[in-house]
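Top line first, the protein sequences correspond to chains A and B.
For what it's worth, my numbering labels the leading residue of the first sequence as 58, then goes sequentially.
For what it's worth, my numbering labels the leading residue of the second sequence as 75, then goes sequentially.
Yeah, the Cβ is synthetic: ideal placement off N, Cα and C, and Gly gets one too.
No experiment lies behind these values; they were computed from the predicted model shown.
Data first, discussion second: the structure below is written as structure tokens.
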Amino acid sequence: MLSSYVPVLVLFLLAAGLAALILGLAQIMGPRGLNAGAEDPYESGIVPTEPARKRFPVRFALVAMLFLVFDIEAVFFYPWAVVFKRLGVFGLVEMFLFIGILLVGYIYAYKKGALNWE
Amino acid sequence: MDWATIIFYLLAAVAVLTAAGVVFARNPVHSAFALVISFLNVAGIYVLLGAEFLAAVQVIVYTGAILVLFLFVIMLVRPEDLRELNTAPRVQTALAWLLGLALFAELGLVIATGVLTGARGPYPPEEVAAAGGNTQLIGRILYSEFLLPFEVASLVLLVAVVAAVILGLPDRFLTGERARGLSLSLGHPTGADRVLEAERRGVPAVDAPDLGEPGTIDTGRAPVGAGRGR
């Protein structure tokens, strides 16, 4: 059973190898020592005027929470999809009921303007 | 030792080490990223156990959505407040170590002496294999035997949507005085962006005019809960 995950392992090894290659090459071929400005976020860009760590609008948290809910809704589709034929019309109806209840939530969020970024 | 055991110990070691990193990291963003790695390693352990669906859910929901929520919450907090994160009272630190070590001793004792194999459930590995896999079996059972809990789950999610909107939406988007009274808006009558912009311009937050694009503002000096209680 685990042998079917060998491609995944190969992918991980390739990803790790590529990261090691890039970092290693930068270590070998890159210039030594720090000149002025090397520690800036954008060495050859605009000079930063204030710290990057600022408070963000609460809007981001709202979007994240809504995403979380509909992400969990999507998770329920996976086991449903693999046995869809077996469940037949019954499965279709119950999933539509599930989606219907959550659609109420979507309409609520939409009507309240929670999805608008003004 | 076969390969599965070696992989398990690798995954478990990284999961435990990064979990410790979550606790000991001074920067909360570092904590969150350590938690990502910990979650991914736990997902790997689920795969080893043959629970592919659980592994996928672990990656999609926990690392994908919940960690994003964590990061957004960290972004909402003023950076100056976060420095005090690891400065708990001495008594609390001592108590935490004591209780943590007690829990560790308990778990270690159980693992060392007890029998950790529970009773066989109605769906042993042979049954799972016959159903065509973990995900298929979960689908078959969830959408027939556990139909009602599944539909109730949608109601729970609906409540979560409503709660998120009530909590996260600035007051000015809600209509009517009663709606205003019901809204919490995380302590910001007009949303954090407007309050902070108003403070920066020296205007009282309550009379803050409509100020265009949010998100570009914040001096980081506004007191917590500024403009609360209008």
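Worksheet item: At what residues does the alpha helix (DSSP H) containing B:Thr-132 begin and finish?
Response: It should be noted that the sequence gives Gln, not Thr, for residue 132 of chain B. Segment: none, B:Gln-132 is in no alpha helix (DSSP H) and carries neither H nor E.
Worksheet item: Which residues, taken in chain order from the region 103–131 of chain A, show a beta carbon closer than 9 Å to some beta carbon of chain B?
Response: The residues in question are Glu-107, Pro-108, Arg-110, Lys-111, Arg-112, Phe-113, Pro-114, Val-115, Arg-116, Phe-117, Ala-118, Leu-119, Val-120, Ala-121, Met-122, Leu-123, Phe-124, Leu-125, Val-126, Phe-127, Asp-128, Ile-129, Glu-130 and Ala-131.
Worksheet item: B:Leu-145: which of A:Asp-97, A:Met-122 and A:Leu-160 sits nearest, CA to CA?
Response: Proximity to B:Leu-145 across A:Asp-97, A:Met-122 and A:Leu-160 peaks at A:Met-122, based on C-alpha coordinates.
Worksheet item: B:Gly-138: which of A:Trp-137, A:Gly-87, A:Ala-76 and A:Ala-131 sits nearest, CA to CA?
Response: Proximity to B:Gly-138 across A:Trp-137, A:Gly-87, A:Ala-76 and A:Ala-131 peaks at A:Ala-131, based on C-alpha coordinates.
Item to complete: Flag this pair as touching only if the region 155–164 of chain A and the region 226–233 of chain B have three or more C-beta atom pairs under 8 Å; answer yes or no.
Response: Touching, yes, given that three or more Cβ pairs across the two stretches are closer than 8 Å.
Worksheet item: How about B:Val-133 and B:Leu-114: do their beta carbons lie closer than 8 Å?
Response: Yes.
Worksheet item: Within 8 Å (strictly less), CB to CB, does A:Leu-159 reach chain B?
Response: Taking CB atoms only, A:Leu-159 has a neighbour in chain B less than 8 Å away.
Practice prompt. For the alpha helix (DSSP H) containing B:Asn-115, list its first residue and its last residue.
Written response: Residues 102–122.
Item to complete: Look at the Cβ atom of B:Leu-143, then the Cβ atom of A:Leu-119, and state whether they are nearer than 8 Å.
Response: Taking 8 Å as the cut-off, the beta carbon of B:Leu-143 is found no closer than this to the beta carbon of A:Leu-119.
Discussion item. Report the CB separation of B:Ala-93 from B:Ser-112 in whole angstroms; it is logged as a contact under 8 Å.
Written reply: Their Cβ separation, rounded to whole angstroms, is 5 Å, which keeps B:Ala-93 and B:Ser-112 in contact under 8 Å.
Worksheet item: Going straight from the alpha carbon of A:Ala-77 to that of B:Glu-225, what length do you get?
Response: One C-alpha to the other measures close to 48 Å.
Item to complete: Mark A:Met-152 as exposed unless 16 or more other C-beta atoms lie within 10 angstroms of its C-beta, in which case mark it buried.
Response: Per the 10 Å Cβ criterion, buried.
Worksheet item: Where does A:Met-152 fall in DSSP's three states?
Response: Look at A:Met-152 here: in three-state DSSP terms it is helix.
Worksheet item: What in chain B is Cβ-close to A:Val-140, meaning under 8 Å?
Response: At a C-beta separation below 8 Å, A:Val-140 has these neighbours in chain B: Gln-210, Gly-213, Arg-214 and Tyr-217.
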